[in-house]
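Residue numbers (the working numbering): 187 to 279.
Shown next, in structure tokens, is the structure this report addresses.
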């Protein structure tokens with residue numbers, strides 16, 4: 187499934203992470219740490235699997251248990267972003 191940052195989102199990467207403004211809701215959010223990494227990777231890769239694979243390569247070092255945990259946490263983050271309308275499925279408009 188292809189994913190992209192919602193057209194209703196304005197975001198900026200800064201030294202502390204990611205600042206996000208959702209135009210439709212007026213909500214401001216800040217992501218740092220792993221959430222910011224997932225966001226940036228999602229923006230560049232557009233799919234779950236490459237994001238999970240890159241993070242697992244960086245942090246799991248071949249540990250299957252840790253790789254499963256990374257997968258679960260990335261899936262949870264992406265599902266939450268979809269539910270909030272911050273990311274969308276399919277090709278960008």
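Virtual Cβ for every residue (Gly too), placed ideally from N, Cα, C.
No experiment lies behind these values; they were computed from the predicted model shown.
Shortest alpha-carbon distance to residue 188 belongs to which of 235, 212, 198 and 223?
-> Your numbering for residue 188 matches position 2 in the chain shown. Put simply, of 235, 212, 198 and 223 the residue whose alpha carbon is nearest the alpha carbon of residue 188 is 235.
In three-state DSSP terms, what is residue 274?
-> As a position in the chain shown, residue 274 is number 88, starting the count at 1. Three-state result, residue 274: strand.
Could you tell me which of 199, 190, 273 and 272 sits nearest to residue 230, measuring between CA atoms?
-> Position 44 of the chain shown, counting from 1, holds the residue named residue 230. Checked all of 199, 190, 273 and 272; the closest Cα to residue 230 is 190.
Determine the burial state of residue 209: buried for a count of at least 16 other Cβ atoms within 10 Å of its Cβ, exposed for fewer.
-> As a working note, residue 209 is residue 23 in the chain shown. Exposed, by the Cβ-count rule.
On a CA-only basis, which of 238, 207 and 204 is nearest residue 264? Give me that one, please.
-> Counting from 1 along the chain shown, the entry for residue 264 is found at position 78. It is 238 whose Cα lies nearest to the Cα of residue 264.
Rank 274, 270, 247 and 277 by C-alpha distance to the C-alpha of residue 213 and give the top, closest one.
-> As a position in the chain shown, residue 213 is number 27, starting the count at 1. Nearest option by C-alpha distance: 270.
Take residue 207 and list the residues in its own chain whose beta-carbon comes closer than 6 Å to its own, dropping the five residues that flank it on each side.
-> Reading the chain shown from its first residue, position 21 is the one you call residue 207. Only 196 and 214 meet the Cβ criterion.
Where residue 209 sits in the DSSP three-state scheme = As a working mapping, residue 209 is identified with position 23 in the chain shown. Residue state, collapsed to three classes: coil.
Unbroken alpha helix (DSSP H) runs of length 4 or more, entirely within the region 203–273: which are they?
-> 219–231, 234–245 and 250–269
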